[in-house]
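**Student:**
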Amino acid sequence: MAPGVLESNDLKAVSNYIKDGRCKNIVLMLGAGKVLVLIYMAVFRLGILRAGVSTAAGIPDFRSPGTGLYANLARLKLPYPEAVFEINFFRKNPVSFYTLAHELYPGKFRPTLTHAFIRLLSEHSLLGMCFTQNIDTLERRAGVPSNKIIEAHGSFATQRCIKCQTPFDDEKIKDIVMNFAERKIIPRCEKKGCKGLVKPDIVFFGEALPQSFSKAPSIIHSADLLIVIGTSLTVHPFASLAMICPDPCPRVLINIDSVGDFGARSDDVILLGKCDEVVKELCEELGWEEELVRLWEETAGSTDVKSGISVGATTATTNAPSESRPEGESDEKLEEEVAKLAEKIQNEMGLEEGASSTTVTKKPPEELSVSDKTTNDSPRCLSSSLSCFSPACAVT
Numbered sequence: 001m002a003p004g005v006l007e008s009n010d011l012k013a014v015s016n017y018i019k020d021g022r023c024k025n026i027v028l029m030l031g032a033g034k035v036l037v038l039i040y041m042a043v044f045r046l047g048i049l050r051a052g053v054s055t056a057a058g059i060p061d062f063r064s065p066g067t068g069l070y071a072n073l074a075r076l077k078l079p080y081p082e083a084v085f086e087i088n089f090f091r092k093n094p095v096s097f098y099t100l101a102h103e104l105y106p107g108k109f110r111p112t113l114t115h116a117f118i119r120l121l122s123e124h125s126l127l128g129m130c131f132t133q134n135i136d137t138l139e140r141r142a143g144v145p146s147n148k149i150i151e152a153h154g155s156f157a158t159q160r161c162i163k164c165q166t167p168f169d170d171e172k173i174k175d176i177v178m179n180f181a182e183r184k185i186i187p188r189c190e191k192k193g194c195k196g197l198v199k200p201d202i203v204f205f206g207e208a209l210p211q212s213f214s215k216a217p218s219i220i221h222s223a224d225l226l227i228v229i230g231t232s233l234t235v236h237p238f239a240s241l242a243m244i245c246p247d248p249c250p251r252v253l254i255n256i257d258s259v260g261d262f263g264a265r266s267d268d269v270i271l272l273g274k275c276d277e278v279v280k281e282l283c284e285e286l287g288w289e290e291e292l293v294r295l296w297e298e299t300a301g302s303t304d305v306k307s308g309i310s311v312g313a314t315t316a317t318t319n320a321p322s323e324s325r326p327e328g329e330s331d332e333k334l335e336e337e338v339a340k341l342a343e344k345i346q347n348e349m350g351l352e353e354g355a356s357s358t359t360v361t362k363k364p365p366e367e368l369s370v371s372d373k374t375t376n377d378s379p380r381c382l383s384s385s386l387s388c389f390s391p392a393c394a395v396t
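Written out as structure tokens, the structure is:
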């Protein structure tokens, strides 16, 4: 099948298309990758995540639903593994989530070369939008403008009461999350007379996707180039974006494995490999390598998770994306960290918030009814009250 818009189906052709001025609106789809997001995703039984964008931040992929993180979460005292991220379970027992929240909370990991590449596209006035599955705000911390990011699964950038939707103070939630193991405080709404549970604005099953995601079809249809990076394309409706991209628009996949229906269209380009390495090679072809490295080096300073504006110069503790490591070393480290996390959750799961205060007291966790439990183990749709536009999804 001969390409139509592109001169060939390779990296050089993509570079030439960007450089010759025909490509003015690039849309990205960014997958989840590191352990902060993997904890969030694994309990949903969404299958194996591949070499995602954030693995270069120092944590490897979650490779199999039968080992590691999934296996440890599966043995916890949960009615079913994904309950920790279901809104009905959270209403009854928020302790499990807040036990995990310390591990999920942004700040541990530094943005990668791939995140710097997204900002670079923005600085060249080529970025139409970045759709991301990440909840860790790494795109914002890399300096990508917030108006160029749609966080399909929400993020930790903001939080609010699940009862009245009143926003909750950033510093207060951070203090509660970081000190939960010692204080056992569940954050509650401070609006007079409410006292509802407070939750970060990450999407739980049973909740609607962010309203901004409803713009997705029109944004995709206006793209000159779609670049899909580090995702298994198993989570709908996010995965649907690649499917609804119009045929004349070239699609580029940067991933460890070929996924979705890539390769079925004449202008599909499949670039297999580690995300950072492929992105660096593309930037070399574009003549942007020095700019890419400069922007990535800037991420050594901390940044505001809402605006993406640099606010300090705290040295990052994570390894550089290009740093090599012995085979298996990172996997062993992950297994050790997962085991510790699982033990922590195991110890905490017998706790419940007090009836008249926000301090947690000992109480057996409540069981959910059969209707609260989702039994479908196939790839799931995160769409709730927002209709899914995926032709592969049963949710309408």
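Under the UniProt record's numbering, the residue at position 298 of the sequence shown is numbered 298, and the numbers go up by one with no gaps.
Where is the CB? At the ideal position from N, CA and C, for every residue including glycine.
1. Taking the alpha-carbon positions, what's the Gly193 to Ile173 distance?
2. Please return the same chain residues whose Cβ sits closer than 7 Å to the Cβ of Leu286, not counting the five positions on each side in sequence.
3. Under a Cβ-count criterion, where at least 16 other Cβ atoms within 10 Å of its own Cβ denotes burial, should Glu86 be classed as buried or exposed?
4. Taking one C-beta from the stretch 111-130 and one from the stretch 92-99 each time, how about it: are there three or more such pairs within less than 8 Å?
5. What residue from Leu28, Glu7 and Leu30 has the CA that sits closest to Arg22's CA?
6. Taking the alpha-carbon positions, what's the Glu284 to Arg294 distance?
7. In terms of DSSP beta bridges, what is Lys199 paired with?
8. DSSP beta-bridge partners for Leu127?
9. Per the contact definition of three or more C-beta pairs closer than 8 Å, is the stretch 152-159 in contact with the stretch 199-206?
10. Could you give the DSSP three-state label for Ser330: helix, strand or coil?
11. Tell me which residues share the same chain as Leu225 and place their Cβ nearer than 6 Å to its Cβ, disregarding the 5 neighbours each side in the sequence.
12. In whole angstroms, give me the CA-to-CA distance for Ala152 and Arg265.
13. Does DSSP classify Leu272 as helix, strand or coil?
14. Whole angstroms are fine: how far does the CA of Glu190 sit from the CA of Asp331?
15. Pick out whichever of Leu113, Phe89 and Ala101 has its Cα sitting closest to the Cα of Glu290.
16. Rounded to whole angstroms, how far is the Cβ of Thr132 from the Cβ of Leu292, which I believe are closer than 8 Å?
17. Assign Glu207 to one of two classes, buried (16 or more other C-beta atoms within 10 Å of its C-beta) or exposed (fewer than that).
18. Would you kindly work out how many angstroms separate the C-alpha atoms of Trp288 and Val278, rounded to a whole number?
19. Label Leu253 either buried or exposed according to how many other C-beta atoms from any shown protein chain fall within 10 Å of its C-beta, with 16 as the threshold for buried.
**Tutor:** According to the structure shown:
1. Going by the C-alpha atoms only, they are around 20 Å apart.
2. Within the same chain, Cβ atoms closer than 7 Å to the Cβ of Leu286 are found at Ser15, Ile18 and Lys19, the five residues on either side in sequence being excluded.
3. The residue in question, Glu86, is buried, as its Cβ has 16 or more Cβ neighbours within 10 Å.
4. With a cut-off of 8 Å, the stretch 92-99 and the stretch 111-130 do not count as touching, because too few Cβ pairs lie within range.
5. Out of Leu28, Glu7 and Leu30, Glu7 has the C-alpha closest to the C-alpha of Arg22.
6. Going from the Cα of Glu284 to the Cα of Arg294 covers about 14 Å.
7. Note: Lys199 sits in a beta bridge opposite Arg160.
8. Partner(s): Ile26.
9. With a cut-off of 8 Å, the stretch 152-159 and the stretch 199-206 count as touching, because enough Cβ pairs lie within range.
10. The predicted model places Ser330 with a pLDDT of 46, which falls under 50 and marks its position as unreliable; any figure quoted below should be read in that light. Note: Ser330 maps to helix in three-state DSSP.
11. Cys23, Ile26 and Pro250.
12. So the two alpha carbons sit approximately 25 Å from each other.
13. Looking at Leu272 - three-state DSSP - the assignment turns out to be strand.
14. Low confidence applies here, because Asp331 scores a pLDDT of 44, under 50, leaving its location unreliable; read the following figure in that light. Taken atom to atom, the span from the alpha-carbon of Asp331 to that of Glu190 is near 42 Å.
15. Glu290 has its Cα closest to that of Leu113, out of Leu113, Phe89 and Ala101.
16. Contact flag wrong, Cβ pair sits at about 19 Å.
17. By the 10 Å Cβ count, Glu207 comes out buried.
18. Per the coordinates, the alpha-carbon of Trp288 lies some 13 Å from the alpha-carbon of Val278.
19. Leu253 comes out buried.
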